[in-house]
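In the working numbering, the protein residues as written are 1 to 122.
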């Protein structure tokens, strides 16, 4: 009997090797996960400097999948952090690691524009 490989569900926008299928697809997926209020995302920084961004995927009773930690791509998360799109919360220190809560950066509200003179006169 031949062995078969089970099909693994793909994250939208990611190829088999974990590289984005289109520019910015991985960053968009990371931002989608980070901005979901039901999904707390954390980054763990080890004593040797290694970082791991991850979140808990709850068990889906319909599909039977989940109930595990999921790692996010470190390079894309670091790029979003460097660009100011995600921020780190207060540190929680252990002897061998520091954990931060990751959240989306609040974008400043667009300034209100004054109405043109024509609109005020009407």
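Where is the CB? At the ideal position from N, CA and C, for every residue including glycine.
- Only exposed fits residue 69, as fewer than 16 other CB atoms lie within 10 angstroms of its CB.
- The beta carbon of residue 81 lies closer than 6 Å to none in the same chain, with the five residues before and after it left out.
- Here DSSP, grouped into helix, strand and coil, assigns residue 92 to strand.
- For residue 42 against residue 99, the beta-carbon gap comes to about 5 Å, under 8 Å, which counts as contact.
- Residue 39 and residue 55 do touch by the CB rule: their CB atoms are close to 5 Å apart, below 8 Å.
- Counting only residues of its own chain and dropping the five nearest sequence neighbours on each side, residue 96 has a CB closer than 8 Å to the CB of 46 and 47.
- For the pair residue 89 and residue 60, the Cα-to-Cα distance works out to about 28 Å.
- Contact between residue 85 and residue 71 is absent: CB atoms are separated by about 19 Å, not below the 8 Å threshold.
- Take the alpha-carbon of residue 50 and the one of residue 93: they are about 15 Å apart.
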